[in-house]
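Peer 1: Before anything else, here's the structure in question.
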Amino acid sequence: MSKKTHITLKVNGKSEEFLAEPRELLIYTLRERLNITGPHIGCETSHCGACTVTVDGKSVKSCTMFAVQAEGAEITTIEGIGTPDSLHPLQEAFKEHHGLQCGYCTPGMITRAAKLLEENPAPSEEEIRFGMAGNICRCTGYQNIVKSIQAAAAEMNSSQSSSSEAVGHKTTEAAE
Amino acid sequence: MIPAAFEYYRPKDIEGVLAILEQHGDDARVMAGGHSLIPMMKLRMADVPHLIDLQDVGGLSGIEVTGDSIRLGALVTQAQIIDSAELTRAAPILREAALQIADPQVRYMGTIGGNVANGDPGNDMPGLMQCLDASFSLIGPDGAREVAARDFYEAAYMTDREDDEVLTAVTLPLPQGGYAYEKQKRKIGDYATAAAAVQITGQGGTCTSASIAMTNLSDTPIFSEDAGEALVGTTVDDAAIKAAMAAMLGDIDPTEDNRGPVAFKKHVAGVILRRAITRAWSRA
């Protein structure tokens with residue numbers, strides 16, 4: 001056994017600190033060490049995307065990264081995207097538009113989709129399909145996943161513009 | 001799947017990397033994004049007792065475009081290649097090829113340096129770099145040297161790089177004329193069944209230069225000088241394209257695997273090269 005390494009991570013806003021062997025893959029750190037079981041192990045060979053998390057602003061397959069590589073990083077999993085009481089617009093849209101059936105791929109799907117919408121807030125269907133190409137779903141045939149992401153984008157853009165109007169209004173008031 | 005245990009190093013400079021390589025010889029490997037190496041380690045097909053993570057090493061991350069050349073640090077990711085407007089203006093073929101590599105998650109992590117240094121015949125950048133006549137900067141205990149991409153590949157996973165050397169950058173002359181990177185794959189994320197990189201120039205409807213390289217059709221990328229020559233001086237009509245395809249087929253040496261038998265691969269190679277030439281010429 002190799003020497004354990006001291007690792008610090010910030011996962012969904014919470015600081016975590018532990019000792020781990022360098023060979024510990026990030027997905028095992030999340031699931032077994034930190035009990036964050038939203039990211040799933042699907043293929044474990046970098047193909048399926050069920051283990052997708054966000055590491056310092058990048059969508060990453062956490063089965064293909066050692067925890068030690070992520071030393072000092074900020075990580076977001078599905079648990080950091082919404083809560084049962086306050087679903088993220090993507091979660092609401094997946095529910096509303098049947099973007100999931102068995103649900104196994106969904107945490108990775110939504111985590112990836114959240115990053116995609118951050119980079120491209122109004123993607124075309126083609127851009128969604130291309131941007132989601134690293135996440136495999138064996139149930140839906142993808143049609144409703146695409147619809148869900150489109151619906152979430154529309155919802156986020158409309159609330160964005162109304163909130164920025166509100167902010168603009170406040171600014172005007174403040175200036176007055 | 002858990003890899004065998006290893007010691008992990010994260011040096012801050014290239015001197016630190018070279019010192020570890022010198023101490024541990026071929027028991028040590030450098031890693032950039034890790035998306036080729038980690039899967040191999042998980043399958044226990046790569047045994048790496050000493051793993052050197054390059055992510056903190058300074059000076060390996062820049063994209064520099066000058067009047068006549070482009071320099072990419074080894075740690076530049078496929079995603080950064082895709083997102084760089086400056087690079088896309090200077091060498092749009094790089095973005096076109098990078099977009100066809102793997103999937104978004106892999107492109108955030110995968111680097112140009114890892115892609116070209118790994119020596120996997122399935123990687124796309126080696127063939128492209130041969131097409132563009134790039135050179136690779138290597139540094140080792142005896143100092144730095146440059147190797148032409150066209151001289152770098154010896155066999156599958158065997159390159160001119162010594163075990164105690166690190167690939168630090170890729171430099172290429174500013175590409176001229178029309179371009180295309182055409183790739184046939186079975187599914188998103190797959191390696192090529194066949195891929196072709198073409199860069200071509202013309203004047204008054206006649207081809208004045210053409211550079212052609214093929215991916216995953218031999219145990220190394222194949223720069224087909226004869227295929228390029230077959231187009232020069234022609235109007236890139238059907239006869240010239242057929243001559244280029246015939247020349248290319250003489251240079252590749254595909255083997256049967258789960259992407260198909262040899263005859264199929266040769267057929268696909270021809271189709272892909274025809275498409276690449278046609279598209280590149282339409283942009284010349």
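Line by line, the protein sequences give chains A and B. Heads up: the first sequence at position 117 corresponds to 117 in full-length UniProt numbering, and the numbers run straight through without jumps. Heads up: the second sequence at position 59 corresponds to 59 in full-length UniProt numbering, and the numbers run straight through without jumps. Glycine residues also receive a C-beta, built at the ideal position from the N, C-alpha and C atoms. Note that the structure is a prediction, hence the values are computed from the model and not measured.
So is residue 267 of chain B in contact with chain A if we call contact Cβ pairs under 8 Å?
Peer 2: On the second sequence, residue 267 of chain B is found 267 positions in, with the first residue counted as 1. No, no contact with chain A.
Peer 1: Mapping the DSSP letters down to three states, classify residue 98 of chain A as helix, strand or coil.
Peer 2: The residue given as residue 98 of chain A occupies position 98 in the first sequence. Residue state, collapsed to three classes: coil.
Peer 1: Write down every uninterrupted run of the alpha helix (DSSP H) in the segment 92-157 of chain B whose length is 4 residues or greater and which is fully enclosed by it, in chain order.
Peer 2: If we require 4 residues or more, the alpha helix (DSSP H) runs fully inside the segment 92-157 of chain B come out as 92-98, 104-109, 112-117, 125-131 and 149-152.
Peer 1: Which same chain residues, not among the five before or five after residue 98 of chain B, have their C-beta less than 6 Å away from its C-beta?
Peer 2: What you label residue 98 of chain B is simply residue 98 of the second sequence in a count that begins at 1. So the qualifying residues of the chain are 78, 81 and 82.
Peer 1: Answer yes if the segment 138-146 of chain B comes into contact with the segment 56-68 of chain B, meaning at least three C-beta pairs across the two stretches below 8 Å, and no otherwise.
Peer 2: The segment 56-68 of chain B is not in contact with the segment 138-146 of chain B.
Peer 1: So is residue 131 of chain A in contact with chain B if we call contact Cβ pairs under 8 Å?
Peer 2: Taking the first residue of the first sequence as 1, we reach residue 131 of chain A at position 131. It does: the Cβ of residue 131 of chain A has a partner Cβ on chain B nearer than 8 Å.
Peer 1: Return the CA-CA distance between residue 186 of chain B and residue 17 of chain A, expressed in angstroms with no decimal places.
Peer 2: Start at 1 with the first residue of the second sequence, and residue 186 of chain B comes out as number 186. Start at 1 with the first residue of the first sequence, and residue 17 of chain A comes out as number 17. So the two alpha carbons sit approximately 42 Å from each other.
Peer 1: By DSSP's criteria, residue 103 of chain A is part of a beta bridge. Which residues make up the other side?
Peer 2: Here the question's residue 103 of chain A lines up with position 103 in the first sequence. Bridge partners of residue 103 of chain A: none, in fact.
Peer 1: How would you label residue 323 of chain B, buried or exposed, when you count the other beta carbons within 10 angstroms and need 16 or more for buried?
Peer 2: This structure leaves residue 323 of chain B out entirely; chain B is present only between 1 and 284.
Peer 1: What three-state label does DSSP hand residue 244 of chain B in the structure shown?
Peer 2: As a working note, residue 244 of chain B is residue 244 in the second sequence. Correct three-state label for residue 244 of chain B: helix.
Peer 1: So residue 108 of chain B packs on residue 50 of chain B, CB below 8 Å; how close in whole Å?
Peer 2: Stepping through the second sequence from its first residue, residue 108 of chain B is reached at position 108. Stepping through the second sequence from its first residue, residue 50 of chain B is reached at position 50. Contact doesn't hold; Cβ gap of about 26 Å is too wide.
Peer 1: Which residues mark the beginning and the end of the alpha helix (DSSP H) in which residue 89 of chain B is found?
Peer 2: Translated into positions along the second sequence, residue 89 of chain B becomes position 89. First-last of the alpha helix (DSSP H) with residue 89 of chain B: 85-90.
Peer 1: What would DSSP say about residue 19 of chain A, mapped onto helix, strand or coil?
Peer 2: Indexing the first sequence from 1 puts residue 19 of chain A at position 19. Residue 19 of chain A falls in the strand class under three-state DSSP.
Peer 1: Count the other CB atoms within 10 Å of the CB of residue 134 of chain B; is the residue buried (16 or more) or exposed (fewer)?
Peer 2: Translated into positions along the second sequence, residue 134 of chain B becomes position 134. The residue in question, residue 134 of chain B, is buried, as its Cβ has 16 or more Cβ neighbours within 10 Å.
Peer 1: Who are the near neighbours of residue 129 of chain A in its chain, counting only those whose CB is closer than 6 Å to its CB and skipping five residues on each side?
Peer 2: Taking the first residue of the first sequence as position 1, residue 129 of chain A is located at position 129. None.
Peer 1: Is it right to say residue 84 of chain B is buried, meaning 16 or more other beta carbons lie within 10 angstroms of its own, or is it exposed?
Peer 2: In the second sequence, residue 84 of chain B corresponds to position 84, counting from 1. So residue 84 of chain B counts as buried.
Peer 1: Would you kindly check if the distance between the Cβ of residue 272 of chain B and the Cβ of residue 184 of chain B is under 8 Å?
Peer 2: Counting from 1 along the second sequence, the entry for residue 184 of chain B is found at position 184. Counting from 1 along the second sequence, the entry for residue 272 of chain B is found at position 272. Yes, they are a contact pair.
Peer 1: If we count the other Cβ atoms within 10 Å of its Cβ and call it buried at 16 or more, is residue 155 of chain B buried or exposed?
Peer 2: In the second sequence, counting from the first residue as 1, residue 155 of chain B sits at position 155. Residue 155 of chain B should be labelled exposed.
Peer 1: Can you give the beta carbon distance from residue 133 of chain A to residue 90 of chain A, rounded, assuming they're within the 8 Å contact cut?
Peer 2: Locating residue 133 of chain A in the first sequence gives position 133, counting from the first residue. Locating residue 90 of chain A in the first sequence gives position 90, counting from the first residue. With a Cβ gap of about 17 Å, residue 133 of chain A and residue 90 of chain A do not count as contacting.
Peer 1: Counting along the chain, where does the alpha helix (DSSP H) carrying residue 201 of chain B start and finish?
Peer 2: For the purposes of this step, residue 201 of chain B is identified with residue 201 of the second sequence, where counting begins at 1. Unbroken run through residue 201 of chain B is the beta strand (DSSP E), 194-203; no alpha helix (DSSP H).
Peer 1: In whole angstroms, what separates the C-alpha of residue 174 of chain A from that of residue 74 of chain A?
Peer 2: Against the first sequence, residue 174 of chain A aligns to sequence position 174. Against the first sequence, residue 74 of chain A aligns to sequence position 74. For residue 174 of chain A, the predicted model reports a pLDDT of 36, less than 50, meaning its position is unreliable; a value from the coordinates is still stated below. Whole-angstrom Cα-Cα distance: 35 Å.
Peer 1: Can you give me the C-alpha to C-alpha distance between residue 40 of chain B and residue 64 of chain A, rounded to a whole angstrom?
Peer 2: Working through the second sequence from its first residue, we reach residue 40 of chain B at position 40. Working through the first sequence from its first residue, we reach residue 64 of chain A at position 64. Their Cα atoms are separated by approximately 10 Å.
Peer 1: Work out the CA separation of residue 22 of chain A and residue 6 of chain B for me, nearest whole Å.
Peer 2: Locating residue 6 of chain B in the second sequence gives position 6, counting from the first residue. Locating residue 22 of chain A in the first sequence gives position 22, counting from the first residue. Computed Cα separation, rounded: 7 Å.
Peer 1: In whole angstroms, what is the alpha-carbon distance linking residue 107 of chain A and residue 45 of chain B?
Peer 2: Taking the first residue of the first sequence as position 1, residue 107 of chain A is located at position 107. Taking the first residue of the second sequence as position 1, residue 45 of chain B is located at position 45. Rounded to the nearest angstrom, the two C-alpha atoms are 30 Å apart.
Peer 1: Could you work out which residues of chain A lie near residue 51 of chain B, taking near to mean beta carbons separated by less than 8 Å?
Peer 2: Translated into positions along the second sequence, residue 51 of chain B becomes position 51. Those are 22, listed as they occur along chain A.
Peer 1: Mind listing the chain B neighbours of residue 69 of chain A? Cutoff is C-beta to C-beta under 8 Å, in chain order.
Peer 2: Locating residue 69 of chain A in the first sequence gives position 69, counting from the first residue. Result: 34, 53 and 55.
Peer 1: Identify which residue in B:216, B:27, B:146 and B:207 has its Cα closest to the Cα of residue 190 of chain B.
Peer 2: Residue 190 of chain B sits at position 190 when you count from the first residue of the second sequence. Checking every option, the nearest Cα to that of residue 190 of chain B belongs to B:216.
Peer 1: Suppose you measure from the CA of residue 58 of chain B to the CA of residue 70 of chain A; what does that come to, to the nearest Å?
Peer 2: Position 58 of the second sequence holds residue 58 of chain B. Position 70 of the first sequence holds residue 70 of chain A. Roughly 18 Å between the two C-alpha positions.
Peer 1: Can you tell me the Cα-Cα spacing of residue 74 of chain B and residue 147 of chain B, whole angstroms?
Peer 2: Here residue 74 of chain B refers to the residue found at position 74 when the second sequence is read from its first residue. Here residue 147 of chain B refers to the residue found at position 147 when the second sequence is read from its first residue. Their Cα atoms are separated by approximately 14 Å.
Peer 1: Is it buried or exposed, residue 124 of chain B, if we count other Cβ atoms within 10 angstroms and call 16 or more buried?
Peer 2: For the purposes of this step, residue 124 of chain B is identified with residue 124 of the second sequence, where counting begins at 1. Looking at its Cβ environment, which holds 16 or more other Cβ atoms inside 10 Å, residue 124 of chain B is buried.
Peer 1: Using a Cβ cut-off of 8 Å, which residues of the segment 175-186 of chain B contact any Cβ in chain A, in chain order?
Peer 2: Cβ contacts with chain A: none found.
Peer 1: Does the CB of residue 2 of chain B have a neighbour CB from chain A at under 8 Å?
Peer 2: For the purposes of this step, residue 2 of chain B is taken as residue 2 along the second sequence, with counting starting at 1. Yes, contact with chain A.
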